[in-house]
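J.: As numbered in numbering that gives the first Met the number 0, residues 0 to 211 make up the sequence shown, in order. Cβ atoms here follow ideal geometry from the backbone N, Cα and C, with glycine treated the same way. Okay, here's the structure, questions in a sec.
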Amino acid sequence: MNRRRALVIGIVAFALGYAVTVLLFFPGWWGRGTIVTVPDVRGRTLSQAERQIERVGLEIERGNTFAHPTVPRGAVLAQSPLPGQETSRGDAVRVTLSSGPDQRPVPDVSGLSGDQAHRILANTGYQVQVETVPDERPAGRVIAVQPAAGTVLRVPSRVLLRLSAGPPPPPPPVEGAESVPAPTRPAEPEPDPDPEVPDTLGMPELPPAPAP
């Protein structure tokens, strides 16, 4: 009798130990097919999301990686199924990770017109602020861009586009200052009103003719 009782107790103990082992180390297998609610793991790191998903008996599947201006690098950007949806225990939750903010170098727009430079900078993803200042270059031409071309910035970031407003106007005359007279040319001598015409033929004068 004692031997039979000991055998029953051993079988029960083994079954309980097996159940506890499966529950702790294979939570997805235990109870597969049971409906569970998908947790919200957005904004979590991959390791944090993995622990939270496996805690309810689901599996994690890593998807693509995309840039994002505010979500830190390595954090969960999106998930499928969505948080709060119901799925079967043992199913997979696909997570999309963030690669952090997109970073691009400032393009070189020197020598271009303001419209061309503004279009290139905006298409690169920057927020463009325009400033015009007097300059010897033609009006509307690019003087400089700040930060300088080649600087790597997060997108979107603000850049300053400085354009020429044309050459500055001449300074106004100072009130009360003596004006400097313009230089004058020396007066030319007046021509002789009745110039003497020289005898260029060189012939002698003839005597008067005799009276008839």
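Report the three-state DSSP secondary structure of LEU159 (helix, strand or coil).
T.: As a working note, residue 159 is residue 160 in the sequence shown. LEU159 falls in the strand class under three-state DSSP.
J.: Taking only the alpha-carbon atoms, compute the straight-line gap between ILE274 and ALA66 and give it to the nearest angstrom.
T.: Residue 274 lies beyond the stretch modelled for the chain, which goes from 0 to 211, so this question has no answer here.
J.: Using only CA atoms, which one of GLY56, VAL154 and PRO155 lies nearest to VAL92?
T.: Taking the first residue of the sequence shown as position 1, residue 92 is located at position 93. Considering only alpha carbons, the answer is GLY56.
J.: If we call anything under 8 angstroms between Cβ atoms a contact, is SER79 one with TYR125?
T.: The sequence position of residue 79 within the sequence shown is 80, counting from 1. The sequence position of residue 125 within the sequence shown is 126, counting from 1. Not closer than 8 angstroms, so no.
J.: What does a CB cutoff of less than 7 angstroms around ARG136 pick up in its chain, not counting 5 residues either side in sequence?
T.: For the purposes of this step, residue 136 is taken as the residue at position 137 of the sequence shown. Here the set comprises ILE142 and SER163.
J.: Quick one: residues in its chain with C-beta nearer than 7 angstroms to the C-beta of PRO71, no 5 flanking neighbours on either side, listed in chain order?
T.: Residue 71 sits at position 72 when you count from the first residue of the sequence shown. Within the same chain, PRO71 has close Cβ partners SER97 and GLY99.
J.: Return the bridge partner residues of PRO100 from the DSSP annotation.
T.: Counting from 1 along the sequence shown, the entry for residue 100 is found at position 101. Partner(s): none; PRO100 has no beta bridge.
J.: Fully enclosed by the stretch 69-113, which beta strand (DSSP E) runs are 3 residues long or longer?
T.: You should have 75-79, 85-87, 91-97 and 101-104.
J.: Contact between the stretch 99-114 and the stretch 144-160: three or more CB pairs below 8 angstroms?
T.: As far as the Cβ criterion goes, the stretch 99-114 touches the stretch 144-160, which means the pair count is three or higher.
J.: With burial defined as no fewer than 16 other Cβ atoms inside 10 Å of the residue's Cβ, what is the status of ALA138: buried or exposed?
T.: Position 139 of the sequence shown, counting from 1, holds the residue named residue 138. Exposed, because fewer than 16 other Cβ atoms sit within 10 Å of the Cβ of ALA138.
J.: According to the neighbour-count rule (16 or more other Cβ atoms, all chains shown, within 10 Å of its Cβ), is ILE59 buried or exposed?
T.: The residue you call residue 59 lines up with position 60 of the sequence shown. By the 10 Å Cβ count, ILE59 comes out buried.
J.: With respect to the beta strand (DSSP E) encompassing LEU45, which residues constitute its N-terminal and C-terminal limits?
T.: Translated into the one-based positions of the sequence shown, residue 45 becomes position 46. No beta strand (DSSP E) contains LEU45, which is instead part of the alpha helix (DSSP H) from 45-54.
J.: VAL40 and VAL108: beta carbons closer than 8 angstroms?
T.: One-based indexing of the sequence shown puts residue 40 at position 41. One-based indexing of the sequence shown puts residue 108 at position 109. Cβ atoms of VAL40 and VAL108: not closer than 8 angstroms.
J.: Give me, in chain order, the residues of the same chain whose beta-carbon lies closer than 6 angstroms to that of ASP134; leave out the 5 immediate sequence neighbours on both sides.
T.: Position 135 of the sequence shown, counted from the start, is the residue given in the question as residue 134. Excluding positions up to five away in sequence, the list reads ILE142 and SER163.
J.: Tell me which residues share the same chain as ALA77 and place their Cβ nearer than 6 angstroms to its Cβ, disregarding the 5 neighbours each side in the sequence.
T.: Looking up residue 77 in the sequence shown gives position 78. Cβ within range, chain order: THR95.
J.: Can you tell me the Cα-Cα spacing of GLN128 and THR69, whole angstroms?
T.: Position 129 of the sequence shown, counting from 1, holds the residue named residue 128. Position 70 of the sequence shown, counting from 1, holds the residue named residue 69. If you take the alpha carbons of GLN128 and THR69, they lie about 22 angstroms apart.
J.: Under a three-way DSSP split, which group does LEU200 fall into?
T.: Here residue 200 is taken as the residue at index 201 of the sequence shown, counted from 1. Note that LEU200 scores a pLDDT of 46, beneath 50, so its modelled location is shaky; the value from the coordinates is reported in the next line. Three-state result, LEU200: coil.
J.: Just to confirm my understanding: we take ILE119, look at its own chain, exclude 5 residues before and 5 after, and list those with CB closer than 8 angstroms. What are they?
T.: In the sequence shown, the residue the question calls residue 119 occupies position 120. Cβ within range, chain order: PRO106, VAL108 and LEU111.
J.: In three-state DSSP terms, what is ARG118?
T.: Locating residue 118 in the sequence shown gives position 119, where the first residue counts as 1. Looking at ARG118 - three-state DSSP - the assignment turns out to be helix.
J.: Just to confirm, is the Cβ distance from HIS117 to LEU160 under 8 angstroms?
T.: Taking the first residue of the sequence shown as position 1, residue 117 is located at position 118. Taking the first residue of the sequence shown as position 1, residue 160 is located at position 161. Contact flag set, yes.
J.: Could you give the DSSP three-state label for THR33: helix, strand or coil?
T.: Here the question's residue 33 lines up with position 34 in the sequence shown. THR33: coil per DSSP, three-state reduction.
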